[in-house]
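Take a look at the structure set out below.
Numbering (this note's numbering), first residue to last: -15 to 333.
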């Protein structure tokens, strides 16, 4: 075998290594090299955490696959029909409960805007959708409890409503007349048909070969996506438990901290947020070490809306004034949600 043949054979069996898997490998090798005694502790923590979350993970995967196979995820077009104010309310509620995550909402937004849907209801959906979905609801309930999860769901819907109605007021005053960049209109043109699709929902999807295959494919994709991110997050959490003193978290991020805790959590949430699923065990670990629940909510809302990966995608998609408005909505909304939860706990909790 020649060198060229060997190289061709190697290339034929090679595949691009997933960035999340690569990050996990690098982090684990770092633990092996720099703190060998931590290796068994991190492995035990990782396996125990995965064992705890596994039933919820399976349920999340089944829901995601079912939404795809039944056609439920294609019903978004029905939400954006009717009077502007009614559309805003429907879009905010749908976004807070929909099966769309932050990785799919950007092309959806591009398709909706290109299809001529008004910006205000799109913004309501845009802000609320990354903050909660059925899979996240299940996983978050398992880690931080049902009350916190319901509060985050309510926050997602309320922030969506606020974003929608304030954007509607600005649009009426002549702002954001052309929201999309010129290059984005061409680049995302393939997304619009799916957003306008309004196929009939078929609940008994297993009777149809194509829908059954869609369920299997979506379950595999979602399962792998959730598993790899949660595995990386649990490994990071094991290091947080090992290296971050609980008294530090309690003093600076705890319930007895000063008022600046919530704005600080919002500021930290933007660069430190990985994604909605990876944040769950990380924030759960911080709460166990003393972080206040309002601070946790602020962190997750700020990161969910305005994390660096999402912001980069939005920057390419929309014009600069709308991009700045999007960041303002995410940052201010997260702070208001944190203070709102703080007031709720003081008077009710």
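Positions of the beta carbon are idealized from the N, C-alpha and C atoms, including for glycine.
Proximity of residue i and residue j at Cβ, strictly below 7 Å
| i | j | result |
| --- | --- | --- |
| residue 122 | residue 44 | yes |
| residue 139 | residue 108 | no |
| residue 217 | residue 266 | yes |
| residue 164 | residue 103 | no |
| residue 270 | residue 321 | no |
| residue 338 | residue 209 | Examination of residue 338 is not possible in this model, given that the chain is present from -15 through 333 alone. |
| residue 149 | residue 306 | no |
| residue 253 | residue 287 | yes |
| residue 262 | residue 213 | yes |
| residue 120 | residue 14 | no |
| residue 35 | residue 128 | no |
| residue 146 | residue 116 | no |
| residue 39 | residue 72 | no |
| residue 1 | residue 219 | no |
| residue 342 | residue 319 | In the structure as shown, the chain starts at -15 and stops at 333, and residue 342 therefore has no counterpart that could be examined. |
| residue 370 | residue 124 | Past the boundaries of the shown model lies residue 370; the chain is included only from -15 to 333, so the question cannot be answered. |
| residue 56 | residue 185 | yes |
Under the three-state DSSP convention, the category residue i falls into
| i | result |
| --- | --- |
| residue 271 | helix |
| residue 302 | strand |
| residue 313 | helix |
| residue 115 | helix |
| residue 164 | strand |
| residue 328 | helix |
| residue 159 | coil |
| residue 318 | helix |
| residue 276 | coil |
| residue 341 | Nothing can be reported for residue 341: it is not among the residues displayed for the chain, which extend from -15 to 333. |
| residue 110 | helix |
| residue 263 | helix |
Cα-Cα separation between residue i and residue j, rounded to whole angstroms
| i | j | result |
| --- | --- | --- |
| residue 95 | residue 27 | 43 Å |
| residue 246 | residue 4 | 29 Å |
| residue 337 | residue 126 | Missing from the structure shown is residue 337; the chain here goes from -15 to 333 and no further. |
| residue 155 | residue 114 | 23 Å |
| residue 21 | residue 74 | 53 Å |
| residue 309 | residue 291 | 15 Å |
| residue 195 | residue 47 | 14 Å |
| residue 376 | residue 298 | Residue 376 is absent from the structure shown; the chain starts at -15 and stops at 333. |
| residue 41 | residue 6 | 22 Å |
| residue 32 | residue 24 | 12 Å |
| residue 284 | residue 143 | 13 Å |
| residue 8 | residue 211 | 12 Å |
| residue 78 | residue 101 | 15 Å |
| residue 314 | residue 201 | 33 Å |
| residue 193 | residue 50 | 14 Å |
| residue 110 | residue 152 | 14 Å |
| residue 248 | residue 295 | 19 Å |
| residue 329 | residue 206 | 35 Å |
| residue 11 | residue 162 | 44 Å |
| residue 304 | residue 311 | 11 Å |
Boundaries of the alpha helix (DSSP H) in which residue i is found, first to last residue
| i | result |
| --- | --- |
| residue 52 | 22 to 54 |
| residue 152 | 130 to 156 |
| residue 81 | 68 to 81 |
| residue 216 | 193 to 227 |
| residue 3 | 3 to 18 |
| residue 188 | Run containing residue 188: none; DSSP gives neither H nor E here. |
| residue 291 | Where residue 291 is concerned, there is no enclosing alpha helix (DSSP H), given that its DSSP letter is neither H nor E. |
Residue i Cβ short of 6 Å to the ligand NAD heavy atom set
| i | result |
| --- | --- |
| residue 222 | Although the ligand NAD was asked about, the structure shown includes no ligands whatsoever. |
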